[in-house]
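Residue numbers (the working numbering): 98 to 309. Even for Gly, the Cβ is constructed at its ideal location relative to N, Cα and C. Please read all numbers here as calculations on a predicted model, not as lab measurements.
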Amino acid sequence: MSGILELLNSPMGKQIIDGVSSQTGQSSDKTSGLLSMAMPVLMGAMQRNASTPEGASGLLNALSGNHSGGILDNLGGLFEGGVDQSVTNDGAGILGHVLGGKQPAVENALSQKSGIDAGSVGQILKVAAPILMGVLGKQASQNNVSDANGLTSLLGNMSGAAKGSKEQSLIESFLDADGDGSILDDVAGMLLSSGGKNKGGLGGLLGGLFGK
Numbered sequence: 098m099s100g101i102l103e104l105l106n107s108p109m110g111k112q113i114i115d116g117v118s119s120q121t122g123q124s125s126d127k128t129s130g131l132l133s134m135a136m137p138v139l140m141g142a143m144q145r146n147a148s149t150p151e152g153a154s155g156l157l158n159a160l161s162g163n164h165s166g167g168i169l170d171n172l173g174g175l176f177e178g179g180v181d182q183s184v185t186n187d188g189a190g191i192l193g194h195v196l197g198g199k200q201p202a203v204e205n206a207l208s209q210k211s212g213i214d215a216g217s218v219g220q221i222l223k224v225a226a227p228i229l230m231g232v233l234g235k236q237a238s239q240n241n242v243s244d245a246n247g248l249t250s251l252l253g254n255m256s257g258a259a260k261g262s263k264e265q266s267l268i269e270s271f272l273d274a275d276g277d278g279s280i281l282d283d284v285a286g287m288l289l290s291s292g293g294k295n296k297g298g299l300g301g302l303l304g305g306l307f308g309k
């Protein structure tokens with residue numbers, strides 16, 4: 098099972114990056130950089146949501162229903178002539194559910210880190226979120242994921258961070274810096290940290306996780 102960042106480096110990933118890039122008028126390089134930062138954050142937030150029975154049940158229902166992976170079967174059609182409003186509306190709903198009230202802080206922080214304006218970051222994430230759900234839906238189907246344990250394992254494998262691993266603890270601390278259980282509580286401060294000596298910053302996180 099390939100991780101989400103391996104997917105971004107694949108031919109399908111290039112198609113996704115180029116399509117999202119053309120949708121917003123941002124360069125492919127900047128779009129690629131943004132998605133490489135944003136996708137693991139979204140995956141980590143989904144892992145946190147799926148840690149409750151209600152969250153796991155909701156995500157499993159979504160992956161076996163509207164987000165079973167069909168969106169990936171016609172990526173060319175998805176981006177041709179601009180992404181349909183229904184897709185971006187769906188993406189907005191996913192982001193609202195996964196990120197909650199932290200969404201503006203996440204988008205602003207990603208904007209400053211990527212050099213893409215916050216409005217475009219929001220548009221990119223609205224397109225990326227349904228695609229990410231489609232990837233998870235396809236993987237869930239191929240691996241016969243039907244319960245919370247299987248879902249937790251799938252999300253961990255896709256994010257590249259096994260439960261209990263150093264990478265997983267980094268993502269956990271990234272998503273909830275002050276340990277109060279509030280998802281993405283200090284994400285803006287973490288993202289904007291230089292990451293040098295401060296291992297909690299995104300630079301440290303990405304360096305440790307993705308070799309960048």
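Worksheet item: alpha helix (DSSP H) containing residue 213: first to last residue?
Response: Per DSSP, residue 213 belongs to no alpha helix (DSSP H) and is neither H nor E.
Item to complete: For my contact list, residue 156 and residue 133 are in at a C-beta cut-off of 8 Å; report their separation, rounded to the angstrom.
Response: At roughly 23 Å, the Cβ-Cβ gap does not stay under 8 Å, so residue 156 and residue 133 are not in contact.
Item to complete: Report whether the distance from the Cβ of residue 163 to the nearest heavy atom of the ligand NAP is below 7 Å.
Response: Ligands are entirely absent from the displayed structure, and the ligand NAP is therefore not among its contents.
Item to complete: Below 7 Å CB to CB, which residues in the same chain sit around residue 252 once its five sequence neighbours on both sides are set aside?
Response: The answer, listed in chain order, is 140, 143, 144, 147.
Practice prompt. Find out if the Cβ-Cβ distance for the pair residue 160, residue 247 is shorter than 8 Å.
Written response: Contact: no.
Worksheet item: Leaving out five residues before and five after residue 204 in sequence, what residues of the same chain have Cβ atoms less than 8 Å from its Cβ?
Response: Hits under 8 Å: 215, 218, 219, 222.
Worksheet item: Does the beta-carbon distance from residue 192 to residue 135 come in below 8 Å?
Response: No, Cβ-Cβ distance for residue 192 and residue 135 is not below 8 Å.
Worksheet entry | 4-residue-minimum alpha helix (DSSP H) runs that sit fully inside the segment 171 to 201, ordered along the chain | Qualifying alpha helix (DSSP H) stretches, in chain order: 172 to 176, 182 to 196.
Worksheet item: Around the C-beta of residue 227, are 16 or more other C-beta atoms found within 10 angstroms, so that it is buried, or is it exposed?
Response: Result: buried.
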